[in-house]
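Right, one structure below, let's go through it.
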Amino acid sequence: DAGVIQSPRHEVTEMGQEVTLRCKPISGHDYLFWYRQTMMRGLELLIYFNNNVPIDDSGMPEDRFSAKMPNASFSTLKIQPSEPRDSAVYFCASSPSRGLETQYFGPGTRLLVL
Amino acid sequence: QQQVKQSPQSLIVQKGGISIINCAYENTAFDYFPWYQQFPGKGPALLIAIRPDVSEKKEGRFTISFNKSAKQFSLHIMDSQPGDSATYFCAANIRTGTASKLTFGTGTRLQVML
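Protein chains in written order, with this note's numbering: chain A, 1 to 114; chain B, 1001 to 1114.
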């Protein structure tokens, strides 16, 4: 398996622009997680899905952030409008229903908002 | 109560030495304690994990020691090698309904010197 795939790997944008991050989970995994990693706050869970349905979005920082999972093999995290404080590395992770404590992380998207 | 406190923030160890990273938690509902290893530019990857009914788990040079009464657990890396240089995150898992949610420590940057 190719593992969790994220795109783009790097994104540089200007404040106010819309940013869309993409994730393809490992085939057969029922859970998908979005995390944000910064030096100041470490790894923070933003939202997670089970069978394409959002279960817990309490970590989403504000209404500018939204996430969707239209099918089992694709998810997006959108920031609109983006702000400099959104600069971080965003990780997608997936896990199977059995052994779901083990999360498999993608390589991350490094976002810089100028 | 959801926090996991990790120390030290950074650690320098000589090749062949023992690296020790400590974590503490408050929530007794946590039921699984993994350690993740992250290399620069990569996503975190599961290294080793323990459940609270076990006091120690060893996999090769990596050992988790778990003290349930003190609500503390630690990672020991024996015979540390330069290839172990990475950031290490402890985490604690809590079940929410049918899903599992990980809370991560703030990370320890380990440098193993020749």
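Every residue, glycine too, gets a C-beta built ideally from N, C-alpha and C.
Check: Extent of the continuous beta strand (DSSP E) run through residue 42 of chain A; Outcome: 42-50
Check: Nearest-angstrom Cα separation, counted from residue 73 of chain A out to residue 6 of chain A; Outcome: 12 Å
Check: CB contact check: residue 52 of chain A to chain B, cutoff 8 Å; Outcome: no
Check: C-beta contact flag for residue 70 of chain A and residue 28 of chain A at 8 Å; Outcome: no
Check: Helix, strand or coil at residue 70 of chain A [DSSP, three-state]; Outcome: strand
Check: Beta carbon of residue 1025 of chain B nearer than 8 Å to that of residue 1071 of chain B; Outcome: yes
Check: Assigned exposure category for residue 1044 of chain B - 16 Cβ within 10 Å defines buried; Outcome: buried
Check: Buried or exposed by the 16-neighbour rule on C-beta atoms within 10 Å, applied to residue 1102 of chain B; Outcome: buried
Check: Same chain, Cβ closer than 6 Å to residue 1050 of chain B, five either side skipped, listed in chain order; Outcome: 1033, 1057, 1064, 1066
Check: Extent of the continuous beta strand (DSSP E) to which residue 1113 of chain B belongs; Outcome: 1108-1113
Check: Residue 16 of chain A at chain B interface by Cβ criterion, 8 Å; Outcome: no
Check: Pair within 8 Å by beta-carbon distance, residue 88 of chain A and residue 37 of chain A; Outcome: yes
Check: Residue-chain proximity (residue 101 of chain A, chain B), Cβ-Cβ < 8 Å; Outcome: yes
Check: Close-in-space but distant-in-sequence residues of the same chain around residue 9 of chain A (CB under 8 Å, 5 per side omitted); Outcome: 107, 108, 109, 110
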